[in-house]
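Take a look at the structure below.
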Amino acid sequence: MKRNNRPTELLFRKAGISEGMSVLELGSGPGEVTEVLAGIVGRTGRVVAVDRSEKMLAMAKERLQGAGVENVRFVCADLNGTADYLKDVELASFDVVAGRRVLMYLAKPEAVIEGLLPWIRPGGLVVFEEMDSTMCPGLVGSMPGHEQALVWLGQMLDGEGAQRAMGLLLPAVFAKAGLHFERIWAEAVIEGQGDQFPLGQMLGLLTPRLESTGIATAPEIEALIAQINAERDPSRVFVSAMRFCALGTKPQDA
Ligand SMILES: C[S@@+](CC[C@H](N)C(=O)[O-])C[C@H]1O[C@@H](n2cnc3c(N)ncnc32)[C@H](O)[C@@H]1O
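Residues in the sequence shown are numbered consecutively from 55, following my numbering.
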């Protein structure tokens, strides 16, 4: 099962990330976004990808090796601390700081971004794709299985201390970090239309997290997946979240 990362690529290109740029990626996870970024900047660009999870970094390295990508360096570090992991990196050398679904997990995302300003060139871009699931679902009629799935996923994220409204908070985070806020745009995450993991598959992938947070047992999740599959109908739209992308720039005089 492979996620389609094309929407993220389009959002990043629209924000101005382009060939030859030097990118610092925060919270690279299994490397899907890293691969997108490496593809956009090409051989003349480079990506430094940071995550605190050794397991995620190992998956990402394998993924990028498999894709023959060579312009990426992975770093294991906790973003919540000071940016010591960049001590050997020249100041003002990044054109871009970017990431997807990572600021929502940071206690003080504005402080993390502010701490990275010395490594961003004046006028450099800060680009994040973050979700908001607090304004969803959006649907006509009733799809109780789908709706229940969103309740569980919301409870899971709340239990993990994630900020589910981060998409909407991006402008405020950027302003507090000392960036010049440029713009924000969004698109709906629509279930069952081929764009994302369908919700049932998402529940399957997240079963360990749903179980460990005490929200549902594996048999309950399986039963809900069956209900969701029964509800799926290509003529119906179910909006499970909004995907926001925001662009900020480092002021010339910062
Ligand atoms: C939801 S995943 C997103 C992964 C990837 N950006 C994507 O969209 O596919 C969040 C990632 O952020 C990482 N992360 C969360 N908090 C972090 C922190 N304080 N320091 C470094 N990485 C962190 C997690 O390890 C995880 O890999």
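Beta carbons: idealized from backbone N, C-alpha and C, even for Gly.
- Setting aside the 5 residues that flank it on each side, Ile-275 is surrounded in the same chain by Leu-257, Thr-261 and Leu-264, each with a C-beta closer than 7 Å to its C-beta; the list follows chain order.
- Put simply, the region 139-158 does not touch the region 110-121. Fewer than three CB pairs are less than 8 Å apart.
- Around the beta-carbon of Thr-88, 16 or more other beta-carbon atoms lie within 10 Å, marking it buried.
- Met-185 is classed as buried because its beta carbon has at least 16 other beta carbons within 10 Å across all chains shown.
- Where Glu-236 is concerned, the enclosing beta strand (DSSP E) starts and stops at 234-245.
- With contact defined as three or more Cβ pairs closer than 8 Å, the region 64-83 and the region 97-108 are in contact.
- In the three-state reduction of the DSSP assignment, Ser-196 falls in the coil class.
- Contact between the region 287-298 and the region 173-192 is established, with three or more Cβ pairs separated by less than 8 Å.
- Annotation for Glu-285: Met-197, Pro-198, Gly-199 and His-200 place their beta carbon closer than 8 Å to its own, counting only its chain and skipping 5 residues before and after.
- About 6 Å separates the beta carbon of Phe-298 from that of Ile-238, a gap short enough to meet the 8 Å contact definition.
- Excluding the 5 residues flanking it on each side, Pro-172 has same chain C-beta neighbours closer than 6 Å at Leu-145, in chain order.
- In the three-state reduction of the DSSP assignment, Val-123 falls in the coil class.
- In the DSSP secondary-structure assignment, Phe-228 is not bridged to any residue.
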